[in-house]
Amino acid sequence: MEAGTEQVPGLTTTKAPFIENARSRGDLFIAQPYDQYSEENHQSWRNLYARMGERWEKYANHRFLEGLDSLGLNGERVPRLSEVNQFLAPLTGFKAKPVSGYVPAYLFFDCLGRREFPTTITIRDVATPDYLPEPDIFHDIGGHVPMHTDPAFAETLVRFGKVASGAVERLVDLEDSDELRERVASNMRAMARFFWFTIEFGLMRDQDSGTEDDLRVYGSGLLSSHGEIQHSVESEAVQRYPFQLEWVVNQGFRIDRYQPLLFIVESFEHLFDEVNRLEEWMEEGRLDHVAPGEPTISAEEIEISLAAAREDD
Ligand SMILES: [Fe+2]
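Residue 290 in this note's numbering is what sits at position 282 of the sequence shown, and the numbering runs on without skipping anything.
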């Protein structure tokens, strides 16, 4: 080990004192203390980036590949968010905004509506590149942010963010407290499911894909997973169906395994249209009683959402 290189505490997922301290102070939005990345952290980024290259070429949709170029991302060092934003903001107005960990759903959606993307700054341990339940900077910057360079996708994300936070704002004046909380939970479940089956795990039809079923990946959970990006397109163990809103908002999911069920959209325009339908359904109250199940919306999450929505109202 070179002298001096491991003297910093590191920003390894679940093992970063900087993050622990921020969280214990209740600081959700933070700075990226770049000097605290250890050599091991940079090595982890290097390993992850290097092995994704050929899979991105083969399975990622073209707008993602163009996004990698226009952000000037490279595989050598953990990216600085300020540098990423210098390239990103002029293209679509989006900015990666560093956070100390989990962002409550309402606040997350509200950020999207303002073109801010809550971004995890820790990176997974170099010894465990394949799976971790928490997001990390490779997932957020390597999987999500290249998509935000595309104007059509960025508009879709903003629109979705406004619909999702609007769903809570629509309900805050309900007088029956139990009914209010039940409906808020239902809407949040529907929004989380929509986000999951599109932004995180979406597949898109692409005639120039070169893959057997003309599919390319646009979901960031897939784009940041070396194993699952291939599995999602090629495995016979995956059920792939045309996107159906009535199904998606009622479909639970597990975050701790490869997805057995994925939905295909025809194009980015199709995805945008589905967000518009989601808004109509929300306004008509059709998301007030979606099927119970995953994801669980905690009582705390509901209270945070209601408080924040009342403030925004
Ligand atoms: Fe994500």
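Ideal Cβ positions, reconstructed from N, Cα and C, are used throughout, including at glycine.
- With contacts defined by Cβ atoms closer than 8 Å, residue 277 and residue 253 do not form a contacting pair.
- Annotation for residue 256: 201, 202, 205 and 271 place their beta carbon closer than 7 Å to its own, counting only its chain and skipping 5 residues before and after.
- In terms of Cα proximity to residue 131, the closest of 219, 50, 154 and 308 is 50.
- In this structure, residue 317 and residue 177 form a Cβ contact; the two beta carbons are roughly 5 Å apart against a cut-off of 8 Å.
- Residue pairing by DSSP places residue 224 opposite 212 in a beta bridge.
- Annotated as proximal: residue 313 and residue 114, with beta-carbon spacing under 8 Å.
- The way I'd put it, the segment 30–40 does touch the segment 94–112; three or more beta-carbon pairs between them come closer than 8 Å.
- For residue 201, the enclosing alpha helix (DSSP H) covers residues 185–203.
- Secondary structure of residue 92 (DSSP, three-state): helix.
- Looking at 95, 287, 31 and 21, the one whose alpha-carbon comes closest to that of residue 136 is 21.
- Distances from the CB of residue 152 to the heavy atoms of ligand 1 include at least one below 7 Å.
- Residue pairing for residue 178: DSSP places it in no beta bridge.
- As a beta-bridge residue in DSSP terms, residue 103 pairs with 124.
- Collapsing the DSSP output to three states places residue 248 in a strand.
- For the 8 Å CB-CB criterion, residue 164 and residue 96 do not form a contact.
- Counting only the Cα atoms, residue 304 lies some 17 Å from residue 187.
- Only residues of its own chain outside the window of five on either side were considered, and among them 95 have a CB closer than 7 Å to the CB of residue 80, listed in chain order.
- Residue range 234–242 is occupied by the alpha helix (DSSP H) that includes residue 237.
- Separation of residue 267 and residue 248 (C-alpha to C-alpha, rounded to the nearest whole angstrom) is 10 Å.
- When DSSP states are grouped into helix, strand and coil, residue 68 belongs to the strand group.
- In the DSSP assignment, residue 269 falls within the beta strand (DSSP E) that extends over 269–273.
- For residue 258, same chain residues with a beta-carbon under 6 Å away, outside a window of 5 residues either side, are 298 and 299 in chain order.
- The beta carbon of residue 301 sits closer than 6 Å to those of 260, all from its chain and outside the five residues before and after it, given in chain order.
- In this structure, the alpha-carbon of residue 15 lies about 14 Å from that of residue 26.
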